[in-house]
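Novice: For the sequence shown, counting from 1, position 360 maps to 385 in my numbering; every step adds exactly one.
Here a beta-carbon is modelled for each residue, glycine too, at the ideal position from N, C-alpha and C.
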Amino acid sequence: MKYQAFRRALLSLAAIASLLVVLSLGRTPDEGTVTATMLQADGQLRWYRGNIHTHSLWSDGDDYPEMIALWYREQGYDFLSLSDHNILSNFERWTNPAKNKGGATAYDKLKKQFPDNWVEERTVDDHTEVRLKTFQEISELLNIPGRFLMVQGEEITDRFKNLPVHMNATNIQEQIPPLGGDSVYETMQNNVNAVIAQSERTGQPILIHLNHPNYGYGVTAEDLMRVHGENFFEIHNGAPAVANYGDETHLGTEQMWDIILAKRLMELHMPVMYGVAADDAHNYHQDAARNANPGRGWIMVLADKLVPESLIAAMNAGRFYASSGVTLNQVVSSDKSLSLEIQAEEGVTYTTEFVGTRKGADLTGMPMMGADGKPIEGRFRYSKDVGQVLKTVTGNKASYTFQGDEIYVRARVTSSKLHPNPYAKGDYEQAWVQPAIGPAGPRNE
Ligand SMILES: [Zn+2]
Ligand SMILES: [Zn+2]
Numbered sequence: 026m027k028y029q030a031f032r033r034a035l036l037s038l039a040a041i042a043s044l045l046v047v048l049s050l051g052r053t054p055d056e057g058t059v060t061a062t063m064l065q066a067d068g069q070l071r072w073y074r075g076n077i078h079t080h081s082l083w084s085d086g087d088d089y090p091e092m093i094a095l096w097y098r099e100q101g102y103d104f105l106s107l108s109d110h111n112i113l114s115n116f117e118r119w120t121n122p123a124k125n126k127g128g129a130t131a132y133d134k135l136k137k138q139f140p141d142n143w144v145e146e147r148t149v150d151d152h153t154e155v156r157l158k159t160f161q162e163i164s165e166l167l168n169i170p171g172r173f174l175m176v177q178g179e180e181i182t183d184r185f186k187n188l189p190v191h192m193n194a195t196n197i198q199e200q201i202p203p204l205g206g207d208s209v210y211e212t213m214q215n216n217v218n219a220v221i222a223q224s225e226r227t228g229q230p231i232l233i234h235l236n237h238p239n240y241g242y243g244v245t246a247e248d249l250m251r252v253h254g255e256n257f258f259e260i261h262n263g264a265p266a267v268a269n270y271g272d273e274t275h276l277g278t279e280q281m282w283d284i285i286l287a288k289r290l291m292e293l294h295m296p297v298m299y300g301v302a303a304d305d306a307h308n309y310h311q312d313a314a315r316n317a318n319p320g321r322g323w324i325m326v327l328a329d330k331l332v333p334e335s336l337i338a339a340m341n342a343g344r345f346y347a348s349s350g351v352t353l354n355q356v357v358s359s360d361k362s363l364s365l366e367i368q369a370e371e372g373v374t375y376t377t378e379f380v381g382t383r384k385g386a387d388l389t390g391m392p393m394m395g396a397d398g399k400p401i402e403g404r405f406r407y408s409k410d411v412g413q414v415l416k417t418v419t420g421n422k423a424s425y426t427f428q429g430d431e432i433y434v435r436a437r438v439t440s441s442k443l444h445p446n447p448y449a450k451g452d453y454e455q456a457w458v459q460p461a462i463g464p465a466g467p468r469n470e
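1. Less than 8 Å between the beta carbons of L331 and F104, yes or no?
2. Does the beta-carbon of H261, which I'm using as the reference point, lie nearer than 7 Å to any heavy atom of ligand 2?
3. Quick check: the segment 181-201 against the segment 100-119, are at least 3 beta-carbon pairs closer than 8 Å?
4. For K450, collect the residues of the same chain with a Cβ closer than 7 Å to its Cβ; drop the 5 residues on either side in sequence, then sort them by chain order.
5. When the Cα atoms are used, what is the spatial distance from D169 to I163?
6. With distances taken between CB atoms, is the gap from N236 to M192 smaller than 8 Å?
7. What is the rounded straight-line gap between the Cα of S340 and the Cα of I231?
8. Keeping to the same chain, check which residues put their C-beta closer than 8 Å to that of G241; ignore five residues upstream and five downstream.
9. Comparing the CB of H191 with every heavy atom of ligand 1, is any distance shorter than 7 Å?
10. Using C-beta distances below 7 Å, list every residue in its chain close to K288, excluding the 5 sequence neighbours before and after it, in chain order.
11. In its own chain, which residues sit with a C-beta less than 8 Å from the C-beta of P296, not counting the 5 before and 5 after it?
12. Quick one: does N125 have its CB under 8 Å from some CB of chain C?
13. Within its chain, find whatever has a CB closer than 6 Å to the CB of L336; leave out the 5 residues flanking it on each side and keep chain order.
14. Please report the residue range of the beta strand (DSSP E) in which E225 lies.
15. Reducing DSSP to helix, strand and coil, say where Q280 ends up.
16. Taking the beta strand (DSSP E) that F405 belongs to, which residues open and close that run?
17. Can you round the beta-carbon distance between Q413 and M63 to whole angstroms, since I take them to be within the 8 Å contact cut?
18. State the Cα-Cα distance for the pair P319 and G205, rounded to the nearest angstrom.
19. Less than 8 Å between the CB atoms is what I'm expecting for L167 and R98, so what's the real figure, rounded?
20. Taking DSSP's pairing of strands, which residues face W323 in a bridge?
21. Taking the C-alpha atoms as reference points, what is the distance between Q229 and S84?
22. If you follow the beta strand (DSSP E) that P460 is part of, which residue opens it and which one closes it?
23. Kindly indicate the opening and closing residues of the alpha helix (DSSP H) around I337.
24. Looking at C-alpha atoms only, which residue of V418, D312, G398 is the closest neighbour of L363?
25. Compare the Cα-Cα distances from R404 to each of I284, P392, D397 and report the closest residue.
26. Taking 7 Å as the limit between beta carbons, can you name the residues of its chain near N269, skipping five residues before and five after?
27. Tell me, to the nearest whole angstrom, how far the beta carbon of K158 is from that of P90; I am working on the premise that it is less than 8 Å.
28. Using CA coordinates, which residue listed in A386, Q455, T274, T376 is at the minimum distance from M394?
29. Per DSSP, what kind of secondary structure is A30 in: helix, strand or coil?
30. For ligand 2, is there a heavy atom less than 7 Å away from the beta-carbon of H152?
31. Does the distance between the C-beta of H237 and the nearest non-hydrogen atom of ligand 1 fall short of 7 Å?
32. Could you check where the beta strand (DSSP E) with P202 kicks off and where it finishes?
33. Taking P460 as the reference, give the member of S440, L107, G381, R435 with the closest Cα.
34. When you measure from the CB of E180 to every non-hydrogen atom of ligand 1, does any distance come out below 7 Å?
35. Taking 7 Å as the cut-off, does the CB of D305 come closer than this to any heavy atom belonging to ligand 2?
36. Buried or exposed for W72, going by 16 or more other Cβ atoms inside 10 Å?
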């Protein structure tokens, strides 16, 4: 073995060893065998903040992609995926700045931000056209190794009948057209299968997540839970039309999350579903509740490198949380407890709710009744025992000790600080911690 190769091997061995130390606390003398997963930044691992759902002028967003990417970089995000509808920004495309969604406002801002030779224009039939920059060009302009990364994305924008089925593919390599299907479930499964096939063919990890299930009330918990290979969905989406909280006859996304978790773990024998927060931003020129503005939801991923492979591997391992403003220093889960530590802001208080489902909870869906007293097709509600608040803690640290009958426990942290530009008026800043399997859940050792 050459010295360089030997050194590389030693370094990667050291990296693996330190990762193992971090991830597995192993045996502690007083507690018997406790295997804990500690999510905390250290020499090897860092929290990376990213948004993986955003739109630009390549589809129905109202700004140029480089302006959007620059905004996210300047706000301290580490990675961004522009995910336009059924398109990749990898070919020559021109737009009319007088007529596109951004209009004169976006065009003036672009020219002011990039005065020197960046903006490419031409004249067609007496009007000006601007070339939309490609993913490659924007990456070359804005990527900073270890500091900011653009990741290629597509919102596979599908539907079954009049029900929207939108799925984001992050780190996609070639555009996937929406594949449709004979039901909402099948539509999701077909698109997931196509993403998995592309990932296997290209050797690139691709993360697929179900977007805004309540947009047009397109996707139910019962549809989503059965999709094989889909382990991520948006519990918080920043666009005003997505009905995160549901209504009288539709469950909110967090209720859906608990139903999916309980049913998957106890009945379907499928993996945990993870919760994602994302902006789904479309409007970049005026902050308003009616607009889909950036800065409303993101993910914090604990990874060893700012590259798509590491970010996606970390997410597949559940090493991330979702946020609309609250930052966490640490999340520790073991077969005994789930604990977290908040990066507290001055003058702000935090309430942590541990939410879970206990063994024995009735997981039977009961038909929802419409105003006419008849069951609404395909709509079910569940016992309050599914997704119960098990404990509430106030303070910068919170811990929940398993009682023995929890299938899973997750945590939601709510700050006393109102979100400056929220999804819905009156929303406080929050963070959502991924579920930990409890003592009554399936063990995977
Ligand atoms: Zn969508
Ligand atoms: Zn979208």
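Specialist: According to the structure data:
1. Their beta carbons are under 8 Å apart, which means L331 touches F104 by this criterion.
2. No, Cβ of H261 sits at least 7 Å from all heavy atoms of ligand 2.
3. The segment 100-119 is in contact with the segment 181-201.
4. These residues qualify, in order along the chain: A314.
5. According to the sequence provided, residue 169 is Ile. The question's Asp does not apply to it. Those two C-alpha atoms are separated by around 11 Å.
6. Less than 8 Å divides the Cβ of N236 from the Cβ of M192.
7. The sequence shown places Met at residue 340, not Ser. Distance between M340 and I231, taken at the CA atoms: about 11 Å.
8. Within the same chain, G241 has close Cβ partners N187, L188, P189.
9. Flag set: Cβ of H191 near ligand 1.
10. The residues are M250, L388.
11. The beta carbon of P296 is closer than 8 Å to those of N256, R289 in its chain, skipping five residues each way along the sequence.
12. In the structure shown, chain C cannot be found, because there is only a single protein chain.
13. V326, A328.
14. Per DSSP, E225 is not a residue of any beta strand (DSSP E); the alpha helix (DSSP H) it occupies stretches across 209-227.
15. The three-state reading of DSSP puts Q280 in helix, counting H, G and I together.
16. In the DSSP assignment, F405 falls within the beta strand (DSSP E) that extends over 400-406.
17. The C-beta distance from Q413 to M63 rounds to 26 Å, too long to meet the 8 Å contact threshold.
18. P319 and G205: Cα-Cα distance of roughly 29 Å.
19. About 6 Å; that satisfies the 8 Å criterion.
20. Answer is S348.
21. Our two residues, Q229 and S84, have alpha carbons roughly 25 Å apart in a direct line.
22. Going by DSSP, P460 is part of the beta strand (DSSP E) stretching over 453-462.
23. Residue range 333-341 is occupied by the alpha helix (DSSP H) that includes I337.
24. In this structure, V418 is the residue among V418, D312, G398 with its C-alpha nearest to the C-alpha of L363.
25. Here the closest residue by C-alpha is P392.
26. Within the same chain, N269 has close Cβ partners N239, H261, N262, G277, T278, Y448.
27. Contact between K158 and P90 holds: their C-beta atoms lie close to 6 Å from each other, under 8 Å.
28. For M394, the nearest C-alpha among the options comes from T274.
29. In this prediction, A30 has a pLDDT of 49, which is less than 50 and means its spatial position is unreliable; what the coordinates show is noted afterwards. Look at A30 here: in three-state DSSP terms it is helix.
30. Set against 7 Å, the gap from the CB of H152 to the closest heavy atom of ligand 2 is not smaller.
31. Judged by the Cβ position, H237 qualifies as a neighbour of ligand 1 at the 7 Å threshold, a heavy atom of the ligand being closer than this.
32. From DSSP, P202 is part of no beta strand (DSSP E); its letter is neither H nor E.
33. Taking P460 as reference, the option from S440, L107, G381, R435 with the minimal CA-CA separation is R435.
34. Short note on E180: C-beta closer than 7 Å to some heavy atom of ligand 1.
35. Under cutoff, so the answer is yes.
36. Taking every protein chain shown into account, the CB of W72 has 16 or more other CB atoms within 10 angstroms, so this residue is buried.
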